[in-house]
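A.B. asks:
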Amino acid sequence: MSKPSEDTLIAERPVGASRYDTVRLSHGSGGKLTLELIEELFVATFSNEPLKELTDAAILHNPGGRIAFATDSHTVKPAFFPGGDIGRLAVAGTVNDLAVMGATPLYMSAAFLLEEGYDMDELARVVRSMKVTADEAGVSIVAGDTKVLERGHGDGIFINTTGIGFLPDDVQMGVAFVRPGDKVLVNGTLGDHGIAVMSRREGLDLAVDLTSDVAPLNGLIAAVRAVAPNVRFMRDVTRGGLAAVANEVVHRQAFGLRVFDVAVPVNEIVEEYSEMLGIDPLLAANEGKVMMIVAPDEAEAALGAMKAHPFGREAAIIGDIVVKPEGVALVETAYGSRRVLEMPIEEQLPRIC
Amino acid sequence: MPEVRATRDPQAPFEPHTYKDPSLVADLQRRIGELALEIGRPVKLMHICGTHEHEMGRYALRDLLPTSVDVLAGPGCPVCVCDNEYINMAIQLSLRPNTILTSFGDMLAVPGSIPLEGERRGDVRMSLLDARARGGDVRAVYSVFDAKRIAEQNPDKQVVFFSVGFETTVVAVAAMLKRGVPDNLSVIEANYYTPPATRLLPTLDGFDIEGFILPGHAVTITGLRVYEELPALGIACASGGFEPVDVLASVASLLEQVRDGAPTVSNPYQRLVKYDGNERAKAELDEVFELAPIRWRGIAEIPFSGYKLRESYWHASAARRFAGQLDEVALRGAEHPKGCRCAEVTLGQIRPDECGVFGTLCTPDSPYGPCMVSHEGTCRAWYTYGMHKEQLRVETV
């Protein structure tokens, strides 16, 4: 369950497709080069039976229950960032979308939009990172597509992943099940991904020793649900941070969500840089965090299960569901004063002073 | 986070967490309550820094004050006081061929006075973001040195840095210009010097503020001496840092002065602020810039309140370099769009929620006036932290 190290990804010479150093338009034209790329890179790396068939559609086994179905397109600058890369992000993002619904993710498709001239070794690194992450999550990448965009018409690499998970009929979760008195949990420090990526983005070299939290959370979620079967609601905390998720939960509901400022886990480096840049960690992006709303009598058990998992060691109960104010997410400060936790409006950018 | 705070020594100097310490905040809250009782009447104070308003909101510090003590936001948001003329100039330059306009991100969404053609939301004016959407090369930078780098990388283009800010930001511009910049770089001089504005405020009708929390960052540069005239006008002054303990310490110091009827210039933020400021920074500023009249958006033209390049640095002035190439008529225009009360908000004459368009026509995702755009803006801070909402009373099960 540990994160793959960069070394294992780099060390291995990419499988196949090595006749070319860079992606050619022909790699997306459906001809010989396309087949070569698919067989030597994608099929060889993702390596599973349905994919090997190279049929027009993957035929999958249905273990029963309802189907959960999610898609997400990924673009990130830079494509490789401290603690992860676009490949890990693309797999973990869709896995997490399925897992927070209570589904067990099993299958995934991957569609690549590559810019002509994209480095073949870098593509191989991305693909291997996807494989490592998929294995970690227990999903198979069983279908795919590649298109190549003319140089100047893309930004290196875009990846779309679509995932299928299975959801037993008795799983009942959603905002409708949330009750005042419920506890709000997160599985660790907030804002790591946002600050880590910002630190490496062109023009803002902070030299921060900080890694993104990008990770597939289905294992952690399953562990929590085993001990806290009445989890009311879950959502992965991504762009917009906790503020966005908290506001989505209370929107037009007859309850409020209160976050205790001092209970929110924030990495010390994130805290310092947030202060310096005028960014609120509650609004910063995450890629390996889930917010759970749990019945009060199951909160401690859920917290324990999170903390026992590698992706939840710094988990915390950060707040609760309150009767009033209705429809509002609010922060209670260390001093007992209160403010609104507003829905984020734009990407977080450093301020003038 | 709570663990981190608890394990740090609250006595340790220069430790940022000290200035967030809940027990110190509680002590100051008590002290302020006692002072308010001793004064026995309402007191209005004002801060003059957007960051103060931001921190007031973030920590909901007004919640901690007695109802008789009000802290208003004054003209402390550089984005909000930046005159139309400079925004319009930046927009025009960004649309000039072979020109790159660099600016702090905060400025990009601020409307100037050039009408936005084809806009149906009402009296909407063009911002740099609108200019970018129309093909202007507008780039957000984090520092003036980023602008210099862009100029070095694009020797065949003109690179303009939109230099907006108070004392603090202009120091970096002075330092850069003094060390030399590529020929293709120029700056729009929209830098503001606070003290003259603070002396103008007491002359306005209905002014009833009894004390100023002085902007901590700016007085780190200028020192406190430049505010010596204010106590003579009956206004208490205290330097103000930005952590909750700092802000409340400034409030307490001002209330002491009010209670004693003895206004002075106190320095609760003494861990950074010296009475004479930062001599080296002041010397560099003085070498590159001189004080000249400048218009504060919606307020007035205030003498000696703008930093303008000295003659020996005119080569780097965008206004001079592109003089004659700009549409002079378009540079001027109505200060604020119809119905916008940013000017009164900036002067602390009304609360943001007393403006008719606040939160309805004017929101952060569709700002009407400058105070709703910048994170430093009073309206933006009020909207973001819900300061316009009734005190957030919580009921639990």
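Going down the list, the protein sequences come from chains A and B. Read left to right, the first sequence gives residues 5 to 357 (the numbering used here). Read left to right, the second sequence gives residues 82 to 478 (the numbering used here). For glycine and all other residues, C-beta sits at the position ideal for the given N, C-alpha and C.
Per the contact definition of three or more C-beta pairs closer than 8 Å, is the region 458 to 467 of chain B in contact with the region 204 to 212 of chain B?
C.D. replies: The answer is no - the region 458 to 467 of chain B does not touch the region 204 to 212 of chain B, with fewer than three Cβ pairs under 8 Å.
A.B. asks: With distance defined between alpha-carbon atoms, name the residue in T477(B), C130(B), G414(B), D264(B) nearest to P276(B).
C.D. replies: Closest by alpha carbon: C130(B).
A.B. asks: How long is the line joining the alpha carbons of V241(B) and G429(B), rounded to whole angstroms?
C.D. replies: Distance between the alpha carbons of V241(B) and G429(B): 33 Å.
A.B. asks: Which residue wins for smallest C-alpha separation from I168(A), given the options R132(A), L102(A), I161(A)?
C.D. replies: When only C-alpha atoms are compared, the closest one is L102(A).
A.B. asks: Strictly by DSSP, which residues pair up with Q239(B)?
C.D. replies: Paired residue(s): T180(B).
A.B. asks: State the DSSP-derived secondary structure class of M105(A), mapped to helix, strand or coil.
C.D. replies: Coil at M105(A), not helix or strand.
A.B. asks: Please report the Cβ distance between T193(A) and V274(A), rounded to the nearest whole angstrom; I am assuming they are in contact, meaning their Cβ atoms lie under 8 Å.
C.D. replies: That pair is a contact at about 7 Å.
A.B. asks: Cβ closer than 9 Å: which chain B residues qualify as neighbours of Y111(A)?
C.D. replies: Within chain B, no residue comes near Y111(A); the closest Cβ sits about 38 Å away, beyond 9 Å.
A.B. asks: Tell me the DSSP secondary structure of D108(B) in three-state form.
C.D. replies: Here D108(B) sits in helix by DSSP.
A.B. asks: Against chain A, which members of the region 439 to 473 of chain B pass a CB distance test of less than 9 Å?
C.D. replies: So the list reads T444, P445, D446, S455, H456, E457, Y464, T465, Y466, G467, M468, K470, E471, Q472, L473, given in the order they occur along the chain.
A.B. asks: Examine chain B for any beta-carbon lying closer than 8 Å to the beta-carbon of R262(A), and answer yes or no.
C.D. replies: Yes, its Cβ sits closer than 8 Å to a Cβ of chain B.
A.B. asks: So, using beta-carbon positions, are S341(A) and Y350(B) closer together than 8 Å?
C.D. replies: Result no, Cβ atoms of S341(A) and Y350(B) do not sit closer than 8 Å.
A.B. asks: Listed in chain order, which residues of the region 131 to 142 of chain B have Cβ atoms closer than 9 Å to some Cβ of chain A?
C.D. replies: Residues passing the 9 Å Cβ filter: G131, T132, H135, G138, R139, Y140, A141, L142.
A.B. asks: Can you tell me which of the three DSSP states C460(B) falls into?
C.D. replies: It is helical.
A.B. asks: Just the Cα atoms here: how many angstroms apart are R204(A) and E272(A)?
C.D. replies: One C-alpha to the other measures close to 18 Å.
A.B. asks: From G414(B) to Y167(B), what does the alpha carbon distance come to, in whole angstroms?
C.D. replies: Taking the straight line from one Cα to the other gives about 11 Å.
A.B. asks: Pick from A200(A), D186(A), L117(A): whose alpha carbon is nearest that of D159(A)?
C.D. replies: It is L117(A).
A.B. asks: Of all Cβ atoms in chain A, is any one closer than 8 Å to the Cβ of V475(B)?
C.D. replies: It does: the Cβ of V475(B) has a partner Cβ on chain A nearer than 8 Å.
A.B. asks: Three-state secondary structure (DSSP) at S267(B)?
C.D. replies: Strand at S267(B).
A.B. asks: Can a CB atom of chain B be found closer than 8 Å to the CB of V95(A)?
C.D. replies: Chain B contact via Cβ: absent.
A.B. asks: Am I right that L126(B) and V106(B) are in contact with their C-beta atoms under 8 Å? What's the rounded C-beta distance?
C.D. replies: Rounded, the Cβ-Cβ distance is 18 Å, inconsistent with contact.
A.B. asks: At which residues does the beta strand (DSSP E) containing K293(A) begin and terminate?
C.D. replies: Run containing K293(A): 293 to 298, per the beta strand (DSSP E) assignment.
A.B. asks: In the DSSP assignment, find the alpha helix (DSSP H) that holds L287(A) and state where it starts and stops.
C.D. replies: Run containing L287(A): none; DSSP gives neither H nor E here.
A.B. asks: Quick one: Cα of T480(B) to Cα of A115(A), how far?
C.D. replies: Beyond the ends of chain B as shown, which are 82 and 478, falls residue 480(B); an answer cannot be given.
A.B. asks: When we look at the beta-carbon of G437(B) and count the other beta-carbons within 10 Å, is it buried (16 or more) or exposed?
C.D. replies: Exposed, because fewer than 16 other Cβ atoms sit within 10 Å of the Cβ of G437(B).
A.B. asks: Please name the residues in the region 325 to 338 of chain A whose beta-carbon is closer than 9 Å to at least one beta-carbon of chain C, in chain order.
C.D. replies: Among the protein chains of the structure shown, namely A and B, there is no chain C.
A.B. asks: At the level of alpha carbons, what is the spacing between E309(B) and V346(B)?
C.D. replies: Going by the C-alpha atoms only, they are around 7 Å apart.
A.B. asks: Have a look at E476(B) and N191(A) and give me their C-alpha separation to the nearest angstrom.
C.D. replies: Cα to Cα, E476(B) sits roughly 26 Å from N191(A).
A.B. asks: For S341(A), decide whether its Cβ has a neighbour in chain B, counting only Cβ atoms nearer than 8 Å.
C.D. replies: It does: the Cβ of S341(A) has a partner Cβ on chain B nearer than 8 Å.
A.B. asks: Could you name the residues of the region 96 to 123 of chain B whose beta carbon sits closer than 8 Å to any beta carbon of chain A, in the order they occur along the chain?
C.D. replies: Flagged, chain order: P97, K101, P103, V106, A107, Q110.
A.B. asks: Kindly indicate the opening and closing residues of the beta strand (DSSP E) around F331(B).
C.D. replies: Just to set this straight, residue 331(B) is Ser in the shown sequence, not Phe. Note, S331(B): premise wrong, no beta strand (DSSP E); alpha helix (DSSP H) at 325 to 341.
A.B. asks: Should E382(B) be labelled buried (16 or more other beta-carbon atoms within 10 Å of its own) or exposed?
C.D. replies: By the neighbour-count rule (16 or more Cβ atoms within 10 Å), E382(B) is not buried but exposed.
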